[in-house]
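Following: one structure in structure tokens, then a few remarks.
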Amino acid sequence: MFFPKEYLASCSSVLLVCAFGASLLADEPKPKPENTISVQLTEPVPPQKFAIPPKFWITDITDRSGNPQPLLVYKDRGGIFLDRQPTLIVREALEQSLKAANLLATEANSADLTLRIYLFHFGLAEGSALDFFGKVEFTAIVKNAKTGESQEVKAAGTSIAKSAMKKKNLQKNVEEDIEESLKDAIRNFLRGQQMKDTVSELMKNADVVPATPAPATPPQPKQ
Amino acid sequence: MRNRLAILIAILLAAWVAASAKEKDAPPLYKTAEAKHFTQTEGVELSPAFSDYFYAELRNELKKSKLAGDVVGEGEAVDDADAKDSIVIVGTITEYKKGNVVTSSLIGFGVGLRSLKMDADVQRRSDKQNLCTMHIHVKIEPRWDEKMMAKFAAQQVVKDMKKELKPQGQ
Numbered sequence: 186m187f188f189p190k191e192y193l194a195s196c197s198s199v200l201l202v203c204a205f206g207a208s209l210l211a212d213e214p215k216p217k218p219e220n221t222i223s224v225q226l227t228e229p230v231p232p233q234k235f236a237i238p239p240k241f242w243i244t245d246i247t248d249r250s251g252n253p254q255p256l257l258v259y260k261d262r263g264g265i266f267l268d269r270q271p272t273l274i275v276r277e278a279l280e281q282s283l284k285a286a287n288l289l290a291t292e293a294n295s296a297d298l299t300l301r302i303y304l305f306h307f308g309l310a311e312g313s314a315l316d317f318f319g320k321v322e323f324t325a326i327v328k329n330a331k332t333g334e335s336q337e338v339k340a341a342g343t344s345i346a347k348s349a350m351k352k353k354n355l356q357k358n359v360e361e362d363i364e365e366s367l368k369d370a371i372r373n374f375l376r377g378q379q380m381k382d383t384v385s386e387l388m389k390n391a392d393v394v395p396a397t398p399a400p401a402t403p404p405q406p407k408q
Numbered sequence: 020m021r022n023r024l025a026i027l028i029a030i031l032l033a034a035w036v037a038a039s040a041k042e043k044d045a046p047p048l049y050k051t052a053e054a055k056h057f058t059q060t061e062g063v064e065l066s067p068a069f070s071d072y073f074y075a076e077l078r079n080e081l082k083k084s085k086l087a088g089d090v091v092g093e094g095e096a097v098d099d100a101d102a103k104d105s106i107v108i109v110g111t112i113t114e115y116k117k118g119n120v121v122t123s124s125l126i127g128f129g130v131g132l133r134s135l136k137m138d139a140d141v142q143r144r145s146d147k148q149n150l151c152t153m154h155i156h157v158k159i160e161p162r163w164d165e166k167m168m169a170k171f172a173a174q175q176v177v178k179d180m181k182k183e184l185k186p187q188g189q
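So the protein lines, in turn, are chains A and B.
In the numbering used here, each number is its position in the first sequence, counted from 1, plus 185.
In the numbering used here, each number is its position in the second sequence, counted from 1, plus 19.
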């Protein structure tokens with residue numbers, strides 16, 4: 186039984202492509218219990234003292250990082266995955282801190298200021314080969330629920346942690362690094378001068394109702 | 020003779036323990052320290068990621084140095100009462116040379132190295148008074164990543180700060 190040369194060539198090229206694809210799929214890390222980390226605030230971040238303490242309500246958190254795999258924080262050595270979506274982790278951290286300071290409204294209708302969060306970065310960023318560079322970056326649109334007036338507040342948190350040889354230590358360091366950068370970002374947001382100015386500005390105008398509230402434009406990611 | 024040697028070693032050991040304990044217990048010179056993102060002069064071609072990484076490294080080194088009780092993030096509010104005991108670090112990257120691997124390998128002796136120059140000022144938060152000015156110059160192998168340069172530059176900034184600010188605080 187003979188096959189033409191062209192037929193054999195095309196068959197072998199198809200096989201090669203299949204083998205290459207299979208090898209790529211085999212290298213793709215998969216989430217397992219042993220390579221999944223849980224990132225959360227160890228303790229709530231105390232916010233700054235406001236002249237008129239407002240009640241906040243988080244309406245929505247949108248992921249604007251453009252990351253196709255938001256749960257995968259470290260690709261090498263079998264990968265390290267988050268157990269929850271970054272948007273959920275940031276929401277929980279913010280709610281935890283606001284609740285501890287009695288600044289979280291019980292429901293949306295009772296809130297003075299609403300927060301719409303746009304998450305631009307969560308996890309590890311490109312650092313030197315010697316350490317891990319954790320980075321959490323988001324922007325919040327703070328809106329007065331009564332007047333509709335809104336302002337933008339930016340927050341960023343960074344952290345540097347040592348790399349490790351053992352997978353177990355590596356995972357621990359990555360977890361601590363992201364936790365630290367999350368804490369730093371929440372602190373930067375709740376204790377920032379920008380937040381202080383925004384709250385005092387929006388709360389000052391709380392009794393003045395404008396004719397038509399301006400719609401809030403979502404911020405664009407950094408180029 | 021043996022007893023004398025033992026006594027001498029014991030005295031030296033006690034002095035060393037006391038000195039290290041004093042250093043550990045020494046209160047920080049400042050209540051808070053804030054590092055700002057360094058600006059770049061025209062012509063400096065560094066990636067935006069470099070600026071973020073250098074900022075993170077500088078904060079990390081400041082925390083390690085224990086110059087301040089708290090290293091706050093950029094733009095964080097500080098109590099008015101603490102402002103006079105707080106510092107802000109601002110700076111500008113004035114020059115960056117990529118270096119040349121061939122020149123570095125063939126000639127050596129520091130030729131063709133990747134180099135970074137920056138000017139940094141430490142200001143008192145309350146009145147913006149300049150406490151010290153530093154001129155940092157870091158050189159690394161051209162094969163190394165620019166992030167390594169950020170790491171060394173941050174270490175150098177904090178080292179110089181410690182040297183400049185310690186006598187004023189004491």
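For every residue, glycine included, the Cβ atom is placed at its ideal position computed from N, Cα and C.
Given the structure is predicted, the values throughout are model-derived calculations rather than measurements.
Next on the checklist: For Met388 of chain A, report the span of its beta strand (DSSP E) as first-last.
Outcome noted: Note, Met388 of chain A: premise wrong, no beta strand (DSSP E); alpha helix (DSSP H) at Gln378 to Lys389.
Next on the checklist: Which same chain residues end up closer than 7 Å to Lys82 of chain B when comparing Cβ atoms and leaving out the 5 residues on each side of it in sequence?
Outcome noted: Val90
Checklist entry - Where does Thr397 of chain A land, buried or exposed, given buried means 16+ other C-beta within 10 angstroms? => result Its pLDDT being 46, under 50, Thr397 of chain A is placed unreliably in this model, and the value from its coordinates should be taken loosely. The residue in question, Thr397 of chain A, is exposed, as its Cβ has fewer than 16 Cβ neighbours within 10 Å.
Next on the checklist: I believe Ala54 of chain B touches Phe318 of chain A by the beta-carbon criterion, under 8 Å. Please report the beta-carbon distance rounded to the nearest angstrom.
Outcome noted: With a Cβ gap of about 15 Å, Ala54 of chain B and Phe318 of chain A do not count as contacting.
Next on the checklist: Given a cut-off of 8 Å on the beta-carbon distance, is the pair Phe266 of chain A and Leu273 of chain A in contact?
Outcome noted: no
Item to check | Interfacial residues, the stretch 56-87 of chain B to chain A, with Cβ spacing under 8 Å | outcome: Pro67, Ala68, Asp71, Tyr72, Tyr74, Ala75, Glu76, Arg78 and Asn79
Item to check | CB-CB length for Asn373 of chain A against Ala349 of chain A, believed under 8 Å | outcome: Rounded, the Cβ-Cβ distance is 27 Å, inconsistent with contact.
Checklist entry - Exposed or buried, what is Ser124 of chain B when buried is set at 16 or more other beta-carbons lying within 10 Å of its beta-carbon? => result exposed
Checklist entry - Lys136 of chain B by DSSP, collapsed to three states: which one? => result strand
Item to check | Below-8 Å beta-carbon distance, Ala310 of chain A vs any chain B residue | outcome: yes
Next on the checklist: Can you check which of these residues, A:Asp316, A:Gln254 and A:Asn358, is closest to Pro214 of chain A by C-alpha distance?
Outcome noted: A:Gln254
Next on the checklist: Using only CA atoms, which one of B:Leu184, B:Lys170 and B:Val177 lies nearest to Lys347 of chain A?
Outcome noted: B:Lys170
Item to check | Residue interval of the alpha helix (DSSP H) (run including Ser295 of chain A) | outcome: Run containing Ser295 of chain A: none; DSSP gives neither H nor E here.
Checklist entry - Going along the chain, which residues of the stretch 346-379 of chain A sit with their C-beta nearer than 7 Å to a C-beta in chain B? => result Asp369, Arg372, Asn373, Arg376, Gly377, Gln378 and Gln379
Item to check | Beta-bridge pairing of Asp153 of chain B - partner residues as DSSP gives them | outcome: In the sequence as presented, Asp is not what sits at residue 153 of chain B; that position holds Met. Met153 of chain B pairs with B:Ala139.
Checklist entry - Applying a beta-carbon distance threshold of less than 8 Å, which residues of chain B neighbour Ala286 of chain A? => result Those within 8 Å of Ala286 of chain A in chain B number zero; the least Cβ separation is about 15 Å.
Checklist entry - Using CA coordinates, which residue listed in A:Lys260, A:Asp245, A:Leu279 and A:Phe235 is at the minimum distance from Leu367 of chain A? => result A:Leu279
Checklist entry - Run through DSSP, which three-state label would Thr227 of chain A get? => result coil
Next on the checklist: Does any residue of chain A have a CB that is nearer than 8 Å to the CB of Asp104 of chain B?
Outcome noted: no
Checklist entry - Between Gly312 of chain A and Met168 of chain B, what straight-line distance do the alpha-carbon atoms span, to the nearest angstrom? => result 11 Å
Next on the checklist: Here's the rule: buried if 16 or more other CB atoms are within 10 angstroms of the residue's CB, otherwise exposed. What is Lys352 of chain A?
Outcome noted: exposed
Checklist entry - Under a CB-based cut-off of 8 Å, is Thr343 of chain A close to chain B? => result yes
Next on the checklist: Let's test the definition: count the other Cβ atoms within 10 Å of the Cβ of Glu191 of chain A and tell me whether it reaches 16, buried, or not, exposed.
Outcome noted: exposed
Checklist entry - Is the shortest distance between the beta-carbon of Met137 of chain B and the beta-carbons of chain A less than 8 Å? => result no
Item to check | 6 Å Cβ shell around Ile302 of chain A - same chain, five flanking residues per side excluded | outcome: Ile246, Phe323 and Ala325
Next on the checklist: Checking the sheet assignment: what are the DSSP bridge partners for Val176 of chain B?
Outcome noted: According to DSSP, Val176 of chain B bridges with nothing at all.
Checklist entry - What are the boundary residues of the beta strand (DSSP E) that includes Ala341 of chain A? => result Ser335 to Lys347
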